[in-house]
Structures are given as C-alpha cells and as structure tokens.
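Asks: All letters in the sequence shown, in the order written, are residues -19 to -1, 1 to 374 by mature numbering (1 follows the signal peptide of the UniProt record, and there is no 0). We put the CB at the ideal spot given by N, CA and C, even for glycine.
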Amino acid sequence: MSLRMSRLALLALLHSAVSMRCPGSAAWVHASMEVEVLARAPCRQVVDELRARLDPKNKWRDPHNGGTYAMLADDEDVLEISRLTGNKQYTDKMTFTFNGSGATCSIYGCSESQVFSILDFSTNYCNLRNLYCGSEEGCKPVRYDFSTEEVRVTPSVGAGKDKSACIVDATEKTATFRSDAGDLWWELLPAMNRPYTHAAAAALGGHVYVFGGLSFGHVLDQAQRYSHGQWECLDPMPTPRFECTATATNGRIYVVGGSNICGEALCCMESYDASSGQWRQLPDMRQARYGCAAAALKGRVFVFGGHGHWENLCDAECYDAELDRWFPLQAMAEPRSHCGAATAGGRIYVFGGHKNGQDIMSIECLDPDTLTWEVAAQMPKARSHCMTATVQS
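#1: Kindly provide the ranges of any beta strand (DSSP E) runs that are 3 or more residues long and lie completely inside the region 277 to 326, ordered along the chain.
#2: Spatial neighbours of E130 within its chain, please: C-beta separation below 6 Å, excluding the five flanking residues on both sides.
#3: Assuming V27 is part of the alpha helix (DSSP H), what are its boundary residues?
#4: Here's a check: name, in chain order, each residue in its chain whose Cβ is nearer than 6 Å to the Cβ of G90, leaving out the five neighbours to either side.
#5: Counting only the same chain and skipping the five closest in sequence on each side, list residues whose C-beta sits under 7 Å from that of C249.
#6: Express the C-alpha separation of T371 and A276 in angstroms, rounding to a whole number.
#7: Compare the Cα-Cα distances from S240 to each of R124, D202, P217 and D254 and report the closest residue.
#8: Where do the ends of the beta strand (DSSP E) carrying N80 lie?
#9: Could you pull out every residue in the same chain whose Cβ sits closer than 8 Å to the Cβ of E315, ignoring the five residues on either side in sequence?
#10: Judging by CA-CA distance, which residue of I234, I329, N105 and G67 is the nearest neighbour of F283?
#11: Can at least three beta-carbon pairs, one atom from the region 64 to 74 and one from the region 41 to 55, be found at a separation below 8 Å?
#12: Does DSSP put H146 in a helix, a strand or coil?
#13: Distance, Cα to Cα, A357 vs G5?
#14: For T228, count neighbouring Cβ atoms within 10 angstroms of its own Cβ and tell me buried if that reaches 16, exposed if not.
#15: Quick check: Q268 and G289, are their CB atoms within less than 9 Å of each other?
#16: Classify C320: buried if its beta carbon has 16 or more other beta carbons within 10 angstroms, exposed otherwise.
#17: Could you tell me the alpha carbon to alpha carbon distance between R2 and Q95, rounded to whole angstroms?
#18: Going by C-alpha to C-alpha distance, which of F127, M75 and P44 sits closest to C86?
#19: Between the Cα of Y177 and the Cα atoms of F223, A22 and W167, which residue gives the shortest distance?
#20: Mapping the DSSP letters down to three states, classify T104 as helix, strand or coil.
#21: Is Y113 helix, strand or coil by DSSP?
#22: Buried or exposed: which applies to Q211, given that a residue is buried once 16 or more other Cβ atoms fall within 10 Å of its Cβ?
#23: Relative to the C-alpha of G244, which candidate in Y271, Q262 and S256 has its C-alpha closest?
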C-alpha cells in the first residue's frame, strides 16, 4: 500500500471511532480543546502509557507547571481524567477515546475548563498533549515511547495551541540576564519574585522595571524594580494586563495598551512616577491594541502597530505629555504586531513583528521632526515577539 493510501486509511480510521465525547462543563462559557492524533503504536500500548503517567506510583511529573492528574473513569477504550493546575486553583476535565488495530492507534482527546474562561493560554491543549507526546517532542514516557501526529487541533475561541507552553517548570522562577554590549557576555542575575510571561519592561534612572504579564493563567497588575542586586515589589498598576508595552521619559514610565483576561485589546495608558511611587491614569489611546511597541523621544511617547480587535495594525500614534493628548501619525509601510522599537541617533526604529501568520524582517525608521517613515533595513532573520534596547545610541 502506498504512503498516501496508508495515510488516507489512518485518517478514515480516526472518524470510525464509536464513542468520541467531551467531559462537559458546568460553566456555560468556557475554554476547551479537541485533538485527533495518530499514534504509531498499538492502542494497548498507548492506553497503558497514559495509565502509567497518571499512576502516582510512577512519579511522572506533569511538565506544564506541575499540575496534578487524576483518573476519574477507566474503560478499555475511554479514559476520563481531571487535572488540577499547578497553582492548585483550577480543575479541568478531559476525555480520551481510542480506536485502532495493528501498529497504529487513533486518539481523540477533549479537554474542557470547569469555570468561566475564554483565554486559556494553551492549558487545555497541554492537558491533552502532555499525556501522549513522546521523547522526540521533549516529553518523558514511563512505559512506551511512540511517535504521534496531530491530525486535527481545534481550540475554542480564545483557547491556545502553543506547543512551547506545554513544558514549563513551575518550580523555576524567571531568570534575568544582563549583557555587556562591549564584550558581548551575559551575566545571570537574581530571579524575579515569581515566574511570568508577556510582561512589559523599561529602564529609568539605572533601574529596570517590569509590569503586568501572565502567571499560571492569571493576568497580573504587578510592578517590580531591579535595583542594587535585588527585586523590589512596587505598588500595582491600576489595570491588570499582559502583552502591554512600556517606555520611560522625564522621570516617568508609561505603560501602554495590552490585553485583559478575555483577550480584549486595551486602549488605556498609565504612568508611574519613579520618585513618588504613584500611578496616574492618562488619556486613552485612539486605538486599542496589544502586542504593540513603544518608544519615548523628546518628551513624547510613540506607539506602533500591535494587534487590534481583529487584525494586525500598521498605524501609529503619539502622546504629548505637555498637551496631555494623543495625535495620530502616518502609518507604517507594513502592519505588524509583537514588534520591537528603540531610539538611536534622534530617530525611532521599529523592528520585525508578525503579520498574516508570518514573521517579518523589515526595520522602519521614523523621523520625529518630519513624522515621516522610511524602510531602514532588513534584519538577517525574520522575527517577532522580540525585545529591543539601545546601548550608547
């Protein structure tokens, strides 16, 4: 039989399962994930491997922030499972159905959050994936190691399917590094007070500040400062958010945009006075956005791109602190979200980003005097979700 015919036969086998079901949820609105997977192993071995990972005697550790799985029901072809998140606050339920013969097995998995949720930051996907993935994908099998192919991955609106999110050690706090740009070396600094992602950072007065972010599915309002070899907790932001951006000028740090727990883009801006430790609510941006970039120059705050309510943005806007107003700017040549921005030589450069499912290589340059754009260069490699900093202009 040809490879194509074998694949078609396997795909047909997936849809022949007698019982494919989801566990259900008491929450009317909740995040969920469905997967269809081809395992290159007999179903008996696949089921035994899942049972082995769930058996506490084997001391298998959930690589997604150390969650705790429990078997709710065990049938030959159906497993019903729960998982308590690593922070012990949320429980998800999942159902696995198996069907196959010979050396292959079809797996249907469904995971559902049990409380109101829209965004799940790939939790439901990882609930399922970490029980069937093999060593070639970075997982640690207990009894049987087999390869798999995910034929269908279907998230609910707002649910994620990021494989890289599935292997995260909750016992490790975030490491911070410092680079000496002259000699190109890195130094490991003290860990921050908690692990988190998607935060904003800015430097002011020789100190590094970090704001917001995500931690175990929680959107944070945190503010931290690194000074004299240690991290200090500051008064929290008025608005919890992640995928925001931050920049500093004239003794203040401006935290702009971001997303809330429902995945909605925000238009808010708040400033932190480093001398008084006070937060101030400022006028909203003209456009709600997250994953945007910001830079400060000549006492003004410039914000670029990001993701709006439905698409990547090419627009830019400027906040004038003296007038306490936002002004629209000429749009960039390319829409881009999750880009970086930095100032050098009296100009602002916007690097890379993401559009139409692809990372981009271009660097655009804004002249703050004429407020006009030009394409400055192409990076050697396309990238998004990058961070930028200026050293000695």
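Replies: Looking at the atomic coordinates:
#1: The region 277 to 326 contains these whole beta strand (DSSP E) runs: 281 to 285, 297 to 301, 306 to 310 and 321 to 325.
#2: As a first step, residue 130 must be located in the sequence shown, where it is residue number 149. Here the set comprises L19.
#3: Looking up residue 27 in the sequence shown gives position 46. Segment C24 to L35, the alpha helix (DSSP H) holding V27.
#4: The sequence position of residue 90 within the sequence shown is 109, counting from 1. In chain order, V16, F77 and L109 place their CB closer than 6 Å to the CB of G90, counting only its own chain and leaving out the 5 sequence neighbours on each side.
#5: Locating residue 249 in the sequence shown gives position 268, counting from the first residue. T220 and D265.
#6: Counting from one through the sequence shown, the residue named residue 276 turns up at place 295. Counting from one through the sequence shown, the residue named residue 371 turns up at place 390. C-alpha separation (whole angstroms): 11 Å.
#7: The residue you call residue 240 lines up with position 259 of the sequence shown. Of the listed residues, the one whose Cα sits closest to S240 is D202.
#8: For the purposes of this step, residue 80 is identified with residue 99 of the sequence shown, where counting begins at 1. From DSSP, the beta strand (DSSP E) with N80 extends over T72 to N80.
#9: Looking up residue 315 in the sequence shown gives position 334. Annotation for E315: C295, G334, K336, I341, S343 and E345 place their beta carbon closer than 8 Å to its own, counting only its chain and skipping 5 residues before and after.
#10: Your numbering for residue 283 matches position 302 in the sequence shown. Among I234, I329, N105 and G67, the Cα nearest to that of F283 belongs to I329.
#11: Short answer: they touch.
#12: Mapped onto the sequence shown, residue 146 falls at position 165. Just to set this straight, residue 146 is Ala in the shown sequence, not His. Under the three-state reduction of DSSP, A146 is assigned to helix.
#13: Stepping through the sequence shown from its first residue, residue 357 is reached at position 376. Stepping through the sequence shown from its first residue, residue 5 is reached at position 24. Taking the straight line joining both Cα atoms gives about 53 Å.
#14: The residue you call residue 228 lines up with position 247 of the sequence shown. Burial check for T228: the Cβ neighbour count within 10 Å reaches 16 or more, so the residue is buried.
#15: For the purposes of this step, residue 268 is taken as residue 287 along the sequence shown, with counting starting at 1. For the purposes of this step, residue 289 is taken as residue 308 along the sequence shown, with counting starting at 1. Contact flag set, yes.
#16: Numbered from 1 along the sequence shown, position 339 holds the residue referred to as residue 320. That one is buried.
#17: Counting from 1 along the sequence shown, the entry for residue 2 is found at position 21. Counting from 1 along the sequence shown, the entry for residue 95 is found at position 114. Taken atom to atom, the span from the alpha-carbon of R2 to that of Q95 is near 16 Å.
#18: Working through the sequence shown from its first residue, we reach residue 86 at position 105. That would be F127, whose Cα lies nearest to the Cα of C86.
#19: Here residue 177 is taken as the residue at index 196 of the sequence shown, counted from 1. Between Y177 and the set F223, A22 and W167, the nearest pair of CA atoms involves F223.
#20: For this step, residue 104 is matched to residue 123 along the sequence shown. T104 falls in the helix class under three-state DSSP.
#21: For the purposes of this step, residue 113 is taken as residue 132 along the sequence shown, with counting starting at 1. In the three-state scheme derived from DSSP, where H, G and I count as helix and E and B as strand, Y113 is classed as helix.
#22: Numbered from 1 along the sequence shown, position 230 holds the residue referred to as residue 211. Looking at its Cβ environment, which holds fewer than 16 other Cβ atoms inside 10 Å, Q211 is exposed.
#23: For the purposes of this step, residue 244 is identified with residue 263 of the sequence shown, where counting begins at 1. Answer by Cα proximity: Y271.
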